[in-house]
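Okay, so here's the structure we're looking at.
Protein chains: 8
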Amino acid sequence: MADERNQTSLLTHEPAEDLGFAQIDHDRARRLGFPEVIYGAGKEAGEVVAIFKRLTARHDNVLCTRCDAQAARLALEQVPDAAYEARARVLYCRRRPTIALGKVAVVCAGTSDLPVALEAKVCAEVLGCEVELVVDVGVAGIHRLFAKLETIRSARVVICAAGMEAALPSVLGGLIDRPLIAVPTSVGYGASFGGLAALLGTLNSCAAGTLTVNIDNGFGAAYAAALMLR
Amino acid sequence: MADERNQTSLLTHEPAEDLGFAQIDHDRARRLGFPEVIYGAGKEAGEVVAIFKRLTARHDNVLCTRCDAQAARLALEQVPDAAYEARARVLYCRRRPTIALGKVAVVCAGTSDLPVALEAKVCAEVLGCEVELVVDVGVAGIHRLFAKLETIRSARVVICAAGMEAALPSVLGGLIDRPLIAVPTSVGYGASFGGLAALLGTLNSCAAGTLTVNIDNGFGAAYAAALMLR
Amino acid sequence: MADERNQTSLLTHEPAEDLGFAQIDHDRARRLGFPEVIYGAGKEAGEVVAIFKRLTARHDNVLCTRCDAQAARLALEQVPDAAYEARARVLYCRRRPTIALGKVAVVCAGTSDLPVALEAKVCAEVLGCEVELVVDVGVAGIHRLFAKLETIRSARVVICAAGMEAALPSVLGGLIDRPLIAVPTSVGYGASFGGLAALLGTLNSCAAGTLTVNIDNGFGAAYAAALMLR
Amino acid sequence: MADERNQTSLLTHEPAEDLGFAQIDHDRARRLGFPEVIYGAGKEAGEVVAIFKRLTARHDNVLCTRCDAQAARLALEQVPDAAYEARARVLYCRRRPTIALGKVAVVCAGTSDLPVALEAKVCAEVLGCEVELVVDVGVAGIHRLFAKLETIRSARVVICAAGMEAALPSVLGGLIDRPLIAVPTSVGYGASFGGLAALLGTLNSCAAGTLTVNIDNGFGAAYAAALMLR
Amino acid sequence: MADERNQTSLLTHEPAEDLGFAQIDHDRARRLGFPEVIYGAGKEAGEVVAIFKRLTARHDNVLCTRCDAQAARLALEQVPDAAYEARARVLYCRRRPTIALGKVAVVCAGTSDLPVALEAKVCAEVLGCEVELVVDVGVAGIHRLFAKLETIRSARVVICAAGMEAALPSVLGGLIDRPLIAVPTSVGYGASFGGLAALLGTLNSCAAGTLTVNIDNGFGAAYAAALMLR
Amino acid sequence: MADERNQTSLLTHEPAEDLGFAQIDHDRARRLGFPEVIYGAGKEAGEVVAIFKRLTARHDNVLCTRCDAQAARLALEQVPDAAYEARARVLYCRRRPTIALGKVAVVCAGTSDLPVALEAKVCAEVLGCEVELVVDVGVAGIHRLFAKLETIRSARVVICAAGMEAALPSVLGGLIDRPLIAVPTSVGYGASFGGLAALLGTLNSCAAGTLTVNIDNGFGAAYAAALMLR
Amino acid sequence: MADERNQTSLLTHEPAEDLGFAQIDHDRARRLGFPEVIYGAGKEAGEVVAIFKRLTARHDNVLCTRCDAQAARLALEQVPDAAYEARARVLYCRRRPTIALGKVAVVCAGTSDLPVALEAKVCAEVLGCEVELVVDVGVAGIHRLFAKLETIRSARVVICAAGMEAALPSVLGGLIDRPLIAVPTSVGYGASFGGLAALLGTLNSCAAGTLTVNIDNGFGAAYAAALMLR
Amino acid sequence: MADERNQTSLLTHEPAEDLGFAQIDHDRARRLGFPEVIYGAGKEAGEVVAIFKRLTARHDNVLCTRCDAQAARLALEQVPDAAYEARARVLYCRRRPTIALGKVAVVCAGTSDLPVALEAKVCAEVLGCEVELVVDVGVAGIHRLFAKLETIRSARVVICAAGMEAALPSVLGGLIDRPLIAVPTSVGYGASFGGLAALLGTLNSCAAGTLTVNIDNGFGAAYAAALMLR
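Quick mapping for you: the protein sequence lines, in order, are chains A, B, C, D, E, F, G and H. Add 890 to a position in the first sequence, counting from 1, and you land on the number used in the numbering used here. Add 890 to a position in the second sequence, counting from 1, and you land on the number used in the numbering used here. Add 890 to a position in the third sequence, counting from 1, and you land on the number used in the numbering used here. Add 890 to a position in the fourth sequence, counting from 1, and you land on the number used in the numbering used here. Add 890 to a position in the fifth sequence, counting from 1, and you land on the number used in the numbering used here. Add 890 to a position in the sixth sequence, counting from 1, and you land on the number used in the numbering used here. Add 890 to a position in the seventh sequence, counting from 1, and you land on the number used in the numbering used here. Add 890 to a position in the eighth sequence, counting from 1, and you land on the number used in the numbering used here.
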């Protein structure tokens, strides 16, 4: 991605491309190192497809998160080298596989957290990272975590998706000396309150330096990890 | 609208029209300058249509917000010069296009905020305002906002619909010297909590004088703007 | 305490002693195996002392929780064999040291959780249990917990006081086969929201069977533990 | 289950069985006395079935909670001696009926609380307990509770499922000298806020020692009860 | 109070007395049967005293709630036949003792709820009711309640002040056939959240027809009771 | 209803009728003056019908609230003189029309509040009250309220259903000298938070003595009103 | 203020004055028509005074809100023509009395809301508006409002400060055809939750177009009103 | 710090030093690269000093956050080369100034956010980073931010402390290609709810990859930044 950036002033921009219902910020690739990412929720399928087409026409790697199956199907018809990871609801194009340096470990506490972990994995890969996925190492059977610790320590950044009380990031944070991004998930019920319990858990983690993103925001964690690896 | 008002005492009213399930406040046009607006949610289709018919029989411009497609279809059969903006769920009659003076800018942070922005736009037009719609100028690519700033400054009142963290009204408020009405939207997920994050954002805006209406309440913003322009 | 109970109907009671501002439930010792416990908060010092005197006149072991220093001082003047644990704000009389069978482990995540852990410890002792206190074994340095694991496993019931995100009960619950009572504490700041984060953490624990009491309620945990040991 | 445990160090484990999407913690039976329990929500049907098959291949009594009907149907085809309690959404295998000693009373405040009470009942049975179910003895007709009091008192542990304001555990706690586990349920509407009212009710119970689990978590209560009875 | 009312139109009022910082609604006695009640919180002592003097100059029975000690002292100097109930923070004048017919029972769950119960008692008396106070009959020792049941049943309206989980109103509501007004109190800690737990408890009461007022609002309950007895 | 009550001790009860899944409290008619009311939500249709049949076999007037259409249809087949008010979801039998003395006014702020107002109306009628329904007199057109004031004042108790900000009860409470029961409704969106805004509104009403029931709980208001009128 | 503005590009700014701990935005007067307003809370007294001095050295009218008495005293020593409104905690300089055209009405529901209303009044005056203050016209005695209606209607913008349930803005909004800015106040207790009840009340107002600012934010309302009057 | 770490197994630890009230985790320096950090809140002054002495006896750079002035004074007497940053409440020892590579920019939105920004700055320095502090560049005067942009871009990691609605991180995130850690602060009032508004703002940021730590947690942000720079 570095090739898309230059050092001219941040206030001198390429103008946005105006689609009427959207202003595509092509300049973002130069400014931030990665093109605008489409937030698929709340957009009509036609809008998603139109924006995706324009971005893929100008950039190699493109992401659309929270994309429903219908919009994805339409997009794949028009952008044949795109792909769709259904469980994570990510539509993407990945023409340049490796951009950033170093590996990201995506650790997930339980099998039910997989959709969020997969969003983090796919997004990190499209953003140019190498990813190691470690699944189902929640603290109720903590030896499972110890068995994977060397794998996790081999990464330069660790993403940890956990729902319910989200205790795993705190334990993990006490065992590794890498930046740790916690993704609280909405897995749970009752007093989980849609992931609030997990979110408060990671925000109050006793492991120093634990970072938090929004509930179920695997993409945000991946994006931050990619920034760290560049 | 001014023609419908007069200066007799506010306590001497035209009696409400009694439909059994509703008391139509025809006097409101005299008192407030615009007829009663129908809140479509929670009403049966037949009730919506009956009230809409009575209001359109007496007044030129009439609004029904949060009107579902079925009630709208029935209403359009009976009031042929009515119209329905489906994405904003607004049913309306607009026989007198221009009443208020000056322009309202409706600015929206992202494409996903469009339904709310459209509610504001259509309502403001039915209330007699001229409207300029500016879409997808969220702060993550702030030059898009700067490119539209003169357009926005040409309006006498600015409405700004924004979801997620709703940072746009704060930035906008620091750049214009017009009354600014923020409409937090429910766009977002997780810790957005149905628009609560955006709502708290606009209420706590560091830009002095930012005004807030309910989450997704494009209509309320439009109504307040129309009051300012009269 | 067993000696104070008998098997007559629960609906045939010794009448309460009426102090005007309080109805002392002396029958509780027969019914539940332990006399009424005084909740000191919100009572005037004179009221606390009067109730404490009546209870200590009839029963060997008596507890008053959330008792401020002034009320305690007055009570100690009038009941010389009483004692006051200031950090836990517990006023008590403990004339019969051992009643229940088996040991309770009171584990606390950090030094800041000590006041709550001490409340649990003192109350459990007054309720007749033997107590082992294990301090500062939070998950950020998990080997500290492993070093104490045999001590903890030697207890029949485990109480775990933890604030912030309260991850310790989940880890502990995956390592022991004893009933585990989590006491979320108000230790923390910001998004701890007075202990809410810890409370939601223990309620959503992925460790099966984790039990929760109110925030900072060391007494409640001790009482439940004593019921289990009888 | 005791036979599955031994006294070797808690840190020397049988390695987890790796299914890719899950790490089955077979060692849990040795460590905690009961095999890993499957949390069915958020898992794909195929994942639930695969894990259930592996666990039933190695252990006698196996539980999967929050299992939807489709996953249950598939599992029953592959594990013929399994069963499904539809109202409680519990899939289970129960080849060894009695393991723990003593009886658990499962008391439920109203008929609408039955699904949660049934989850507690089925889980406690699979965990090896004998269970007595007492239904619809809410406090609005308190004599119904008195009529069942001897039955309840014959148990060694009492589980009480109650929704709305969840007053029953407080009343019950004042009448019995057994450990009492309250399960707040999501029964109610409006200011029940999905069970929050009941949850706060049991957490603030004036009956000393009332223990609480997550909203609708009949399983957790059963698990804790089984730990107490072993 | 009936003498102060007449049947002329509610829209023909005696004008308010204008003190600059307050508009005293003397007409309220005619309209509602009792003069305006002063809300002492947030007012300066001088303002409280001035309003209290004007009201006592025109009316026999006058109430000021949430009045701090300093304002009360100043008021008592100027209105010698006034009185102050310090624990309930009520300043009042009661020159006509009995106005309403029938008795109000004020029941309070614990001694810590006394300040709220006293506010209800004093206010009900100033509003002309006869009051019976029943203290410390919380559900943890339910026979205490049964012992007072006939006393409670002799009243025409029952007010019940309860904090923590506020289970008492639900039990009481199942035993009496009188209107029952629950006053949730802020007694409690942790997950009591300043009385929220008690408030949700009474709002969700399974006892049909339980009425609720604001947390700690003994006055409101008394006022409603007086309305019922007139 | 008075005929069903007698003065024998409240602790000597007719035993509940045991249906297995329910304990019918037939004694409630004697104790409280009205038979047990069925809460239909969360019960299976067969359970609702069975309980309804038993109650109608023994009592004249019987209520089931929150009854879905399917359960109602089955019940009507088996209890031919029952009826179902679909919009309010109330299934009922009303063989004795008038029991209580005096009239209840059910006032509703907007047409969208009608389902709740109808629940209050039907329930009050089944409980033996005469009811006057006043619809759509919200404060935005306050003269509509004044036009109905004499009608409302002719009632002995007033129920007021209002959603959104629920300002109507406060205005009404300043104009009438009757007990006022506010029913906050879930009508609204965004920051209404399912009726929370309306609930907080009525709890904090500046009109002295405003009573509140749960959100959308028209039944509870009706029941309390009936208690006041007996 | 208009004289301080010009039409050069908003992106060409006068640089901020750098005090180390603050960057004074002198350009704001040109850009927005009024100099930067100091938020006094959380700043040390010396910081407040230093910024206030710099602003008053360059601008005629200057505002510092939430200024404590000590900082105000120090500032008054150094800026002799400044003033301090203690109850509203506003420090200000007002050398040019009238700038904007037309009058603002500041209406306040109760005497306890006066500090917020005074903040609105003083700020609006410093911002150049003429202000009419109307106090204590809450809805519980609605004729007091009617008596002031002509006064209120003579203003071009109306600010309404109200605590507790904040019903006044809804009533007012139905009676006037002016922009209405509601300021929810923290007046109240219990379920007022620090002004949350009032805030939700104004956000959900049934009066179309009601605008809301933060709890107790009299300044924000005044600023928005001044923008409307320019 | 790298010198304190080695590559032996994470499960072979130096035992914790047992002070009775604390288990000092000296091994943390080896495991995580920095010694245990003392959380001063809730600890008695003597406890803080004892732990601080032990840590400074073994390690060069030591941190104690949320340390009150009294504990700091005692510690400085015993550890002469320690220092105390009063506004940030950080007690520390910094014997090795530079450990990590690269610079951290600490950006703060307003002067009132300075205490949090200073906590971040001091902690980052003790953790071995070079720090650039940029103060008072909030979005209401966005050119102040642009003026500092090159300074900010020269850092490898950016920390941004912002209260109220916390819009600054979103704007900043759209302008820089560095990892961005947002620290929501409790600066604000009313609907800020102690920093909740700012917290939800940063969690929902539309700027991809924004990372969040707990409210006012300058330390956590610094710690994460240091991990990124090693």
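All residues carry an ideal CB built from backbone N, CA and C; glycine is no exception.
Continuous alpha helix (DSSP H) stretch holding residue 937 of chain H: start and end: 935-948
CA-CA distance, residue 1101 of chain E and residue 949 of chain C? 40 Å
How many Å lie between residue 1003 of chain B and residue 1051 of chain B at the Cα? 7 Å
Return no unless some Cβ of chain G is closer than 8 Å to the Cβ of residue 1000 of chain H. yes
Ordered along the chain, which non-local residues of its own chain (more than five positions away) have a Cβ less than 6 Å from that of residue 892 of chain H? Annotation note: pLDDT 35 at residue 892 of chain H (below 50); position unreliable, coordinate value reported separately. Nothing listed; no residue qualifies.
Using C-beta distances below 8 Å, list every residue in its chain close to residue 906 of chain D, excluding the 5 sequence neighbours before and after it, in chain order. 913, 914, 915, 916, 917
Apart from the five residues on each side of it in sequence, which residues of its chain come closer than 6 Å, Cβ to Cβ, to residue 1001 of chain D? 1026
Would you say residue 1031 of chain F faces chain G, with C-beta separation under 8 Å as the test? yes
Please tell me whether residue 932 of chain A has its Cβ less than 8 Å away from any Cβ of chain B. yes
Between the CA atoms of residue 1091 of chain C and residue 1110 of chain D - distance to the nearest angstrom: 14 Å
With C-beta atoms as the reference, is residue 1060 of chain A less than 8 Å away from residue 1055 of chain C? yes
Mind checking residue 946 of chain E: buried by the 16 CB within 10 Å criterion, or exposed? buried
Contained beta strand (DSSP E) runs [length at least 3] in the region 944-1028 of chain C, N- to C-terminal order: 951-955, 972-975, 980-984, 993-998, 1020-1025
Neighbouring residues, chain A, relative to residue 958 of chain D (Cβ below 7 Å): Those within 7 Å of residue 958 of chain D in chain A number zero; the least Cβ separation is about 13 Å.
By the DSSP assignment, the alpha helix (DSSP H) with residue 1086 of chain D in it spans what residues? 1086-1093
Report, in whole angstroms, the separation of the C-beta atoms of residue 1048 of chain A and residue 1017 of chain A, which I expect to be a contact under 8 Å. In fact, because the Cβ distance is near 16 Å, the residues do not count as touching under 8 Å.
With 16 as the cutoff for other CB atoms within 10 Å, does residue 959 of chain G come out buried or exposed? exposed
Which stretch, first to last residue, makes up the alpha helix (DSSP H) that contains residue 1061 of chain F? 1058-1063
Suppose the cutoff is 8 Å on Cβ atoms and the five residues either side in sequence are ignored; what does the same chain contact list for residue 1082 of chain C look like? 1053, 1054, 1076, 1088
Extent of the continuous alpha helix (DSSP H) run through residue 1105 of chain B: Here residue 1105 of chain B belongs to no alpha helix (DSSP H), and DSSP marks it neither H nor E.
Listed from N- to C-terminal order along the chain, which residues in the region 976-1003 of chain C have their beta-carbon within a distance smaller than 7 Å of any beta-carbon of chain E? none
is_contact[residue 1106 of chain B, chain A] using C-beta, thresh 8 Å: no
Between the region 927-935 of chain E and the region 954-969 of chain E, can you find at least three pairs of beta-carbon atoms closer than 8 Å? yes
Quick check on DSSP: helix, strand or coil for residue 1042 of chain D? helix
Nearest to residue 1086 of chain E (by Cα), restricted to the options G:1086, G:1085, G:1084, G:1080: G:1080
Residues that residue 1071 of chain A bridges to, as DSSP identifies them: A:1049, A:1101
Among residues of its own chain, excluding the 5 on either side of residue 1122 of chain B, which ones have a beta-carbon nearer than 8 Å to its beta-carbon? Only positions 891 to 1120 of chain B appear in the structure, and residue 1122 of chain B is not among them; the question remains open.
Partner residues on chain F for residue 1027 of chain D, Cβ-Cβ distance less than 9 Å: 906, 913
Return the CA-CA distance between residue 986 of chain A and residue 1020 of chain A, expressed in angstroms with no decimal places. 12 Å
Would you tell me roughly how many angstroms separate the C-alpha atoms of residue 1118 of chain C and residue 1009 of chain D, rounded to the nearest one? 23 Å
Pull up the distance between the alpha-carbon of residue 998 of chain C and that of residue 1013 of chain C, whole angstroms please. 15 Å
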